[in-house]
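K.L.:
Numbering (the numbering used here), first residue to last: 4 to 202.
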């Protein structure tokens, strides 16, 4: 896997772990479509801003950089959903993006989202496509789903269903068992179908 994918995996895991610890939740209760300030997290806006500072400090310590989040960026993303925040933060720190640290002042609308740029700009989707047999977790698919405005919901705590109105079928993945290559290929095919329908 590329360094970008490894960096994404690190930050997704770090952010989800932070949320599990600070919101006192189990991992399976993490819903990337919810805001940090909403149920079930109920974090204060001040705590969310402090979280941003903690992540930037971690990034700077690990990479020897001096990334600073502007007040505009912080305010624009403090009310984002968890999935949207992760996507925005990854745009700041991805090493092969060529823009790391240059998005400090961009608001949520100041730059195209990955879904507007198309699937070739989504490193995680390309990693799924290239390695469907990898050790993928539900959160990996949830992040991509949130970038493509897909709906997803957990069913009885054992499976998760991904839907989009432009595609006539859904994709179901297990939450507790290993996600197998057919699940990943079906998920990627669903996004490809969404792209075809949008043309």
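All residues carry an ideal CB built from backbone N, CA and C; glycine is no exception. Keep in mind the model is a prediction, meaning the values are calculated, not measured.
Whole angstroms are fine: how far does the CA of residue 94 sit from the CA of residue 110?
P.N.:
Note that residue 110 scores 31 on pLDDT, short of 50, meaning its location in the model is unreliable and no value can be drawn from it.
K.L.:
Near residue 158, what residues of its chain come up, given a Cβ to Cβ distance below 7 Å and the 5 sequence neighbours on each side ignored?
P.N.:
Cβ within range, chain order: 164.
K.L.:
Which residues does DSSP pair with residue 166 in a beta bridge?
P.N.:
154
K.L.:
Tell me, which residues are paired with residue 38 by DSSP?
P.N.:
84
K.L.:
As a quick exercise: from 97, 176 and 160, pick the residue whose alpha carbon is nearest that of residue 13.
P.N.:
97
K.L.:
Within the 8 Å Cβ cut-off, does residue 126 reach chain B?
P.N.:
In summary, chain B is missing from the structure at hand, where a single protein chain is found.
K.L.:
Any idea what DSSP makes of residue 175, helix, strand or coil?
P.N.:
strand
K.L.:
Please go through the same chain and pick out, in chain order, the residues whose beta-carbon is closer than 8 Å to the beta-carbon of residue 33, but skip the five residues on each side of it.
P.N.:
19, 22, 23, 85 and 142
K.L.:
Looking at the unbroken alpha helix (DSSP H) that takes in residue 132, where does it start and where does it end?
P.N.:
Taken as a continuous stretch (DSSP letters only), the alpha helix (DSSP H) holding residue 132 covers 126 to 133.
K.L.:
Suppose you measure from the CA of residue 105 to the CA of residue 131; what does that come to, to the nearest Å?
P.N.:
Residue confidence is low: residue 105 scores 41 on pLDDT, short of 50, so the model does not pin down where it sits. Its coordinate-derived value is still stated next. The straight-line gap from Cα to Cα measures roughly 27 Å.
K.L.:
Please report how far the alpha carbon of residue 149 lies from the alpha carbon of residue 87, in whole angstroms.
P.N.:
One C-alpha to the other measures close to 7 Å.
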